[in-house]
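For reference, the structure discussed in these notes is given below.
Residue numbers (my numbering): 416 to 864.
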């Protein structure tokens, strides 16, 4: 089975070790796995939310494109593109904005942090908050849902946005799917051990904290940056505490288990911090020297990078363009010519159709209903812990899965592969129950394409 993987990186600065270990490296490794269909992009629309310096954005786009390729991304085996080269993405963003709840967006971490900061300073809660910042999760949802990604490698601070993409996609499916699941529900993927790397001062490595180690700086600059990593005052010969050492965390993110265990033991035995920083430099320089050279070669040939990205955009739009046409059709943005010719036919077909409707309960679990053509509820599924499982059961039923309908008095239940998956309503008499059973069995017949 093919698994579609998608991730991007915002183009507002020079890539650093945290970007590489937390997002770029695991994404590139994932793209090399059998059965992976990988989409990687430069999130340059996202950059406009937090940066109003055009030259910085332009330079960052160049540097990040070169970083992906120098890190081992093969543009012939993946789809590698700039977000801004796919016009279908902002159009999908608007379609999703029209179904995304404001209450959902109110809970976004970045927006809440801005509001909290304003309140602490005695300002209006929304002072300085742009609609770009507020709507950031919808644009990210469009990035993910446009290509129906199954897995999205992200840093831990981005998990919420993937969950929001699931909620928004599910809402669209519910409103416009008519039994069809337009959007797959994505899952966030993180590397637990290196999801968030500490910077020079121990806080999360971030350009906003000015505590980063640039990924492809010169060996000298990298060594100088490592020398500024904050450590405690324990002298050479005194046992160090690896579990509370930012330096050890960085070493661990780039070493093998054996190297990490050896380094840990040496710290416990009193290895001096100066020597420990030298070990970290040697480890990093050994891994990054060759990619660093490739990176600088790419930076010197921007026209070649442009060709690679435009080729990737063409590849991406072969999927995005026809898919967006389906979504436009679903929400009613159709050609008048098509509508006039087919309205009667569509209504006639709709009058015969039952439909599955997915939704999320207040407790966070996932369920689906089967509604008859007249809107009568024929089935209500049991609760599922995740939307993917609920969607798989619903899909299996729609495709004519081997379902068993069991009658129990004036109600009935639906079983699939020996497990009860849904219940029918309680009817007042056998006549109503039997009529519903006829509709149910018709609805569970495989649908011809």
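Heads up, the beta-carbon is just placed ideally off N, CA and C, and yes, glycines get one too.
(Q) Per DSSP, what are the beta-bridge partners of residue 837 in this structure? (A) Sequence index remark: in the chain shown, residue 837 carries index 422 (1-based). The beta-bridge partner set that DSSP reports for residue 837 consists of 796 and 829.
Q. CB residue 596 to CB residue 806, shorter than 8 Å?
A. Looking up residue 596 in the chain shown gives position 181. Looking up residue 806 in the chain shown gives position 391. Yes. Within cutoff.
**Q.** Of the listed residues 427, 425 and 505, nearest to residue 739 (C-alpha basis)
**A.** Numbered from its first residue, the chain shown carries residue 739 at position 324. When each option's Cα is compared against that of residue 739, the closest is 505.
(Q) On the criterion of 16 or more Cβ atoms from any shown chain inside 10 Å, does residue 522 qualify as buried, or is it exposed? (A) Position 107 of the chain shown holds residue 522. It counts as exposed.
Q. According to DSSP, which residues form a beta bridge with residue 458?
A. Residue numbering aside, residue 458 sits at position 43 when the chain shown is read from its first letter. DSSP lists 425 as the bridge partner or partners of residue 458.
**Q.** Simplified DSSP assignment, three categories, for residue 730
**A.** Looking up residue 730 in the chain shown gives position 315. In this structure, residue 730 counts as helix in the three-state DSSP scheme.
Q) Taking the alpha helix (DSSP H) that residue 854 falls in, what are its first and last residues? A) The residue labelled residue 854 in the question sits at position 439 within the chain shown. Bounds of the alpha helix (DSSP H) holding residue 854 are 845-858.
Q: Can you give me the Cβ contacts of residue 863 inside the same chain, cut-off strictly under 8 Å, excluding the 5 residues immediately before and after it?
A: The residue given as residue 863 occupies position 448 in the chain shown. Any reading at residue 863 needs caution, since the residue's pLDDT is 43, under 50, leaving its predicted position unreliable; the model's value is listed next. Same-chain partners within the cutoff: there are none.
(Q) Quick test of your reading: residue 424 and residue 434, contact by CB under 8 Å. State the CB separation rounded to the nearest angstrom. (A) As a first step, residue 424 is located in the chain shown; it is residue number 9 there, counting from the start. As a first step, residue 434 is located in the chain shown; it is residue number 19 there, counting from the start. Right, the Cβ-Cβ distance comes to about 6 Å (below 8 Å), so this counts as a contact.
Q.
Using a Cβ-Cβ cutoff of less than 8 Å, which residues in the same chain neighbour residue 841 once the five nearest sequence positions on both sides are dropped?
A. The residue you call residue 841 lines up with position 426 of the chain shown. Here the set comprises 825 and 826.
Q.
For a test of the three-state rule: what should DSSP assign to residue 431, helix, strand or coil?
A. Reading the chain shown from its first residue, position 16 is the one you call residue 431. Strand, per DSSP.
**Q.** Under the three-state DSSP convention, the category residue 437 falls into
**A.** In the chain shown, counting from the first residue as 1, residue 437 sits at position 22. Residue 437: helix per DSSP, three-state reduction.
Q) Is it buried or exposed for residue 837, if we count other Cβ within 10 angstroms and need 16 for buried? A) Taking the first residue of the chain shown as 1, we reach residue 837 at position 422. Label assigned to residue 837: buried.
Q | Residue from 773, 844, 714 and 426 whose Cα sits closest to the Cα of residue 803 | A | Within the chain shown, the letter at position 388 stands for residue 803. When only C-alpha atoms are compared, the closest one is 773.
Q: Locate the alpha helix (DSSP H) running through residue 568, then write down its first and last residues.
A: Position 153 of the chain shown, counted from the first residue, corresponds to residue 568. From DSSP, residue 568 is part of no alpha helix (DSSP H) but of the beta strand (DSSP E) over 566-568.
(Q) If you reduce the DSSP assignment to three classes, tell me which class residue 699 lands in. (A) In the chain shown, counting from the first residue as 1, residue 699 sits at position 284. Helix at residue 699.
Q: Could you spell out where the alpha helix (DSSP H) holding residue 822 opens and where it closes?
A: In the chain shown, residue 822 corresponds to position 407, counting from 1. Bounds of any alpha helix (DSSP H) do not take in residue 822; it lies within the beta strand (DSSP E) bounded by 818-823.
Q.
Under DSSP, the beta strand (DSSP E) around residue 602 begins and ends at which residues?
A. Locating residue 602 in the chain shown gives position 187, counting from the first residue. Its beta strand (DSSP E) spans residues 602-604.
Q. Buried or exposed: where does residue 494 fall if 16 or more other Cβ atoms within 10 Å of its Cβ makes it buried?
A. Numbered from 1 along the chain shown, position 79 holds the residue referred to as residue 494. Classification of residue 494: buried, given that the 10 Å Cβ count is 16 or more.
Q) Among residues of its own chain, excluding the 5 on either side of residue 835, which ones have a beta-carbon nearer than 6 Å to its beta-carbon? A) Reading the chain shown from its first residue, position 420 is the one you call residue 835. Annotation for residue 835: 828 place their beta carbon closer than 6 Å to its own, counting only its chain and skipping 5 residues before and after.
Q) Okay, do the segment 584-591 and the segment 616-625 touch, 3+ Cβ pairs below 8 Å being the bar? A) With the rule of 3 Cβ pairs closer than 8 Å, the segment 584-591 does not count as touching the segment 616-625.
Q. Using the rule of at least 16 other Cβ atoms within 10 Å of the residue's Cβ for burial, across every protein chain shown, is residue 483 buried or exposed?
A. Residue mapping note: residue 483 aligns to position 68 of the chain shown, counting from 1. By the Cβ neighbour-count rule, residue 483 is buried, with 16 or more other Cβ atoms within 10 Å of its own.
Q) First and last residue of the alpha helix (DSSP H) that includes residue 678? A) Position 263 of the chain shown holds residue 678. Per DSSP, residue 678 belongs to the alpha helix (DSSP H) from 672-683.
Q.
Suppose contacts are defined by Cβ-Cβ distances below 8 Å. Is residue 571 in contact with residue 627 by that definition?
A. Position 156 of the chain shown holds residue 571. Position 212 of the chain shown holds residue 627. Their beta carbons are not under 8 Å apart, which means residue 571 does not touch residue 627 by this criterion.
Q | the segment 691-704 contacting the segment 548-555, beta-carbon criterion three pairs below 8 Å | A | No: the two stretches stay apart, fewer than three of their Cβ pairs being nearer than 8 Å.
Q) In this structure, does DSSP put residue 495 in helix, strand or coil? A) Locating residue 495 in the chain shown gives position 80, counting from the first residue. Per DSSP, reduced to three states, the secondary structure at residue 495 is strand.
Q) Just reading off the alpha helix (DSSP H) that residue 474 is part of, what are its end residues? A) The count along the chain shown starts at 1 and reaches residue 474 at position 59. 469-485 is the extent of the alpha helix (DSSP H) around residue 474.
Q: Check each candidate in 741, 449 and 541 and name the one with the smallest Cα separation from residue 507.
A: Here residue 507 corresponds to residue number 92 of the chain shown, with the count starting at 1. Minimum Cα distance to residue 507 is reached at 741.
Q. Any idea which residues DSSP pairs residue 781 with across the strands?
A. For the purposes of this step, residue 781 is taken as the residue at position 366 of the chain shown. As DSSP reads the structure, residue 781 sits in a beta bridge with 775 and 799.
Q. Going straight from the alpha carbon of residue 756 to that of residue 748, what length do you get?
A. Taking the first residue of the chain shown as position 1, residue 756 is located at position 341. Taking the first residue of the chain shown as position 1, residue 748 is located at position 333. In this prediction, residue 756 scores a pLDDT of 49, lower than 50, which makes its location untrustworthy; the coordinate-derived value is nonetheless stated afterwards. Looking at the two C-alpha atoms, the distance is approximately 15 Å.
Q) Which stretch, first to last residue, makes up the alpha helix (DSSP H) that contains residue 577? A) The residue given as residue 577 occupies position 162 in the chain shown. Per DSSP, residue 577 belongs to the alpha helix (DSSP H) from 574-591.
Q | Straight-line Cα distance separating residue 787 from residue 843 | A | For this step, residue 843 is matched to residue 428 along the chain shown. For this step, residue 787 is matched to residue 372 along the chain shown. Residue 843 and residue 787: Cα-Cα distance of roughly 18 Å.
Q. Can you tell me the Cα-Cα spacing of residue 624 and residue 613, whole angstroms?
A. On the chain shown, position 209 is the one that residue 624 refers to. On the chain shown, position 198 is the one that residue 613 refers to. Looking at the two C-alpha atoms, the distance is approximately 11 Å.
Q.
I want to check one thing, is the minimum distance from the CB of residue 665 to the heavy atoms of the ligand PLP below 7 Å?
A. In terms of ligand content, the structure shown is empty, and the ligand PLP therefore cannot be addressed.
Q) Who pairs with residue 619 in a beta bridge, going by DSSP? A) In the chain shown, residue 619 corresponds to position 204, counting from 1. Beta bridge pairing from DSSP links residue 619 with 613.
Q | Environment of residue 746 [buried if 16+ CB atoms lie within 10 Å] | A | Numbered from its first residue, the chain shown carries residue 746 at position 331. By the 10 Å Cβ count, residue 746 comes out exposed.
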